[in-house]
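Novice:
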Amino acid sequence: MLTNEHVSVVDGAVLYDDGDHKFIWLGWEEEEEEGFVQVNQYIIINKGKGFLLDPGGVYVFPRVISNVSTYIDIENIQMIFYSHQDPDVSSGIALWLANTPAEVYISNLWTRFVPHFGVTDIRRIKGIPDRGMTYALPSGDILEFIPAHYLHSVGQFNVYDKRSKILFSGDIGAAVFPRGERKVFVEDFQKHVPLMEGFHKRYMNGNVACRKWVNEVKKRDIDMIAPQHGSIFKREDAKKFLDWFSSLRCGLDIINEIY
Numbered sequence: 002m003l004t005n006e007h008v009s010v011v012d013g014a015v016l017y018d019d020g021d022h023k024f025i026w027l028g029w030e031e032e033e034e035e036g037f038v039q040v041n042q043y044i045i046i047n048k049g050k051g052f053l054l055d056p057g058g059v060y061v062f063p064r065v066i067s068n069v070s071t072y073i074d075i076e077n078i079q080m081i082f083y084s085h086q087d088p089d090v091s092s093g094i095a096l097w098l099a100n101t102p103a104e105v106y107i108s109n110l111w112t113r114f115v116p117h118f119g120v121t122d123i124r125r126i127k128g129i130p131d132r133g134m135t136y137a138l139p140s141g142d143i144l145e146f147i148p149a150h151y152l153h154s155v156g157q158f159n160v161y162d163k164r165s166k167i168l169f170s171g172d173i174g175a176a177v178f179p180r181g182e183r184k185v186f187v188e189d190f191q192k193h194v195p196l197m198e199g200f201h202k203r204y205m206n207g208n209v210a211c212r213k214w215v216n217e218v219k220k221r222d223i224d225m226i227a228p229q230h231g232s233i234f235k236r237e238d239a240k241k242f243l244d245w246f247s248s249l250r251c252g253l254d255i256i257n258e259i260y
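For the sequence shown, the numbering used here begins at 2 and goes up steadily by one.
1. Comparing alpha-carbon positions, which option in 184, 204, 205 and 178 lies nearest residue 195?
2. Could you give the first and the last residue of the continuous beta strand (DSSP E) run that contains residue 5?
3. Which one of 8, 39, 31 and 127 has the shortest CA to CA distance from residue 230?
4. Taking a contact to mean a Cβ-Cβ separation below 7 angstroms, would you say residue 162 touches residue 24 in this structure?
5. Have a look at residue 126 and residue 145 and give me their C-alpha separation to the nearest angstrom.
6. Taking the Cβ atom as the reference point for each residue, do residue 21 and residue 165 lie within a distance shorter than 7 angstroms?
7. Per DSSP, residue 136 forms a beta bridge with which residues?
8. So, helix, strand or coil for residue 253, using DSSP?
9. Closest to residue 31 by CA distance: which of 9, 213, 203 and 103 is it?
10. Give me the Cβ distance between residue 154 and residue 42, rounded to the nearest whole Å; I'm assuming they're in contact under 8 angstroms.
11. Just checking my contact of residue 227 with residue 150 at CB under 8 angstroms: how many whole Å lie between their CB atoms?
12. Using the rule of at least 16 other Cβ atoms within 10 Å of the residue's Cβ for burial, across every protein chain shown, is residue 99 buried or exposed?
13. Output the boundary residues of the alpha helix (DSSP H) element that contains residue 246.
14. Nearest CA to the CA of residue 249: which residue from 203, 79 and 232?
15. How would you write the range of the beta strand (DSSP E) that residue 127 sits in, first residue to last?
16. Using a 10 Å radius around the Cβ and a threshold of 16 neighbouring Cβ atoms, would you call residue 191 buried or exposed?
17. Can you round the beta-carbon distance between residue 95 and residue 119 to whole angstroms, since I take them to be within the 8 angstroms contact cut?
18. Tell me the residue span of the beta strand (DSSP E) that contains residue 26.
19. Less than 7 angstroms between the beta carbons of residue 59 and residue 28, yes or no?
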């Protein structure tokens with residue numbers, strides 16, 4: 002059962018499993034550390050091949066690769082997706098390239114920047130065009146790389162897994178927990194809003210970008226929204242989040258209130 006009481010924050014949790022296809026949240030560090038941005042990593046496993054979503058930076062690499070290895074041999078990781086260029090998302094890229102045969106997909110805007118994380122061979126780095134693209138899985142199913150530009154990165158993408166109906170939303174939906182209060186799943190949306198509000202108001206570009214993204218996302222059937230920080234939204238809370246985000250004033254909308 003997918004509830005906070007039945008999920009190990011250290012080991013992670015299988016969010017979807019139909020036998021041939023799994024969508025897995027890869028857990029957190031056991032100890033909550035001051036000054037450390039809590040991050041979520043995910044892996045999709047399709048017919049024995051792995052597809053990592055924002056596997057994170059150098060700091061979390063030992064924990065993430067250990068948890069990944071409980072589900073799949075790392076030699077079977079075929080693709081790594083990075084939603085954008087931030088170090089908490091992608092600074093571990095050289096370690097992943099050294100330890101797996103995977104190709105890396107990231108916005109075209111950032112392919113020239115990832116060498117600064119220590120990547121010396123860029124032949125496995127694949128640029129995602131601004132309008133997005135689809136990625137074929139071994140089963141014939143597809144992942145959709147959906148544009149989320151300016152939310153917050155100028156070149157950001159999300160991943161929609163049509164088979165599991167899970168949307169990996171990158172920084173959209175992020176929350177910052179008070180110490181000792183982290184939860185894997187949103188339990189009370191209204192109580193969760195204050196944990197999201199400050200981040201979204203400052204980091205998101207403006208309501209025009211928010212509404213454009215929500216209008217695109219609402220074309221899909223979504224059972225979960227899985228962000229890169231904070232808690233996962235199940236179906237009804239996912240709908241509430243989309244409505245909240247669509248009406249959010251943020252970034253340039255409130256710049257005169259910031260300074």
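Backbone N, C-alpha and C define an ideal beta-carbon position, used for all residues, glycine too.
Specialist: A quick look at the data gives this:
1. Nearest option by C-alpha distance: 178.
2. Where residue 5 is concerned, there is no enclosing beta strand (DSSP E), given that its DSSP letter is neither H nor E.
3. When the alpha-carbon of residue 230 is set against those of 8, 39, 31 and 127, the nearest one is in 39.
4. With a cutoff of 7 angstroms on beta-carbon distance, residue 162 and residue 24 are scored as near each other.
5. Pairing residue 126 with residue 145, the inter-Cα distance amounts to about 18 angstroms.
6. Cβ atoms of residue 21 and residue 165: not closer than 7 angstroms.
7. According to DSSP, which records beta bridges pairwise, residue 136 is partnered with 144.
8. Helix.
9. Comparing alpha-carbon positions, the option among 9, 213, 203 and 103 lying closest to residue 31 turns out to be 9.
10. Wrong, their Cβ atoms sit about 18 angstroms apart, outside the cutoff.
11. At roughly 20 angstroms, the Cβ-Cβ gap does not stay under 8 angstroms, so residue 227 and residue 150 are not in contact.
12. Answer is exposed; the Cβ neighbour count stays below 16.
13. Per DSSP, residue 246 is one residue of the alpha helix (DSSP H) stretching across 236–247.
14. The option with the nearest alpha carbon to residue 249 is 203.
15. Per DSSP, the continuous beta strand (DSSP E) segment holding residue 127 begins and ends at 126–129.
16. It counts as exposed.
17. With 8 angstroms as the limit, residue 95 and residue 119 qualify as a contact, their Cβ atoms being about 4 angstroms apart.
18. Segment 22–26, the beta strand (DSSP E) holding residue 26.
19. It is not a contact, given that the beta carbons lie outside the stated cut-off.
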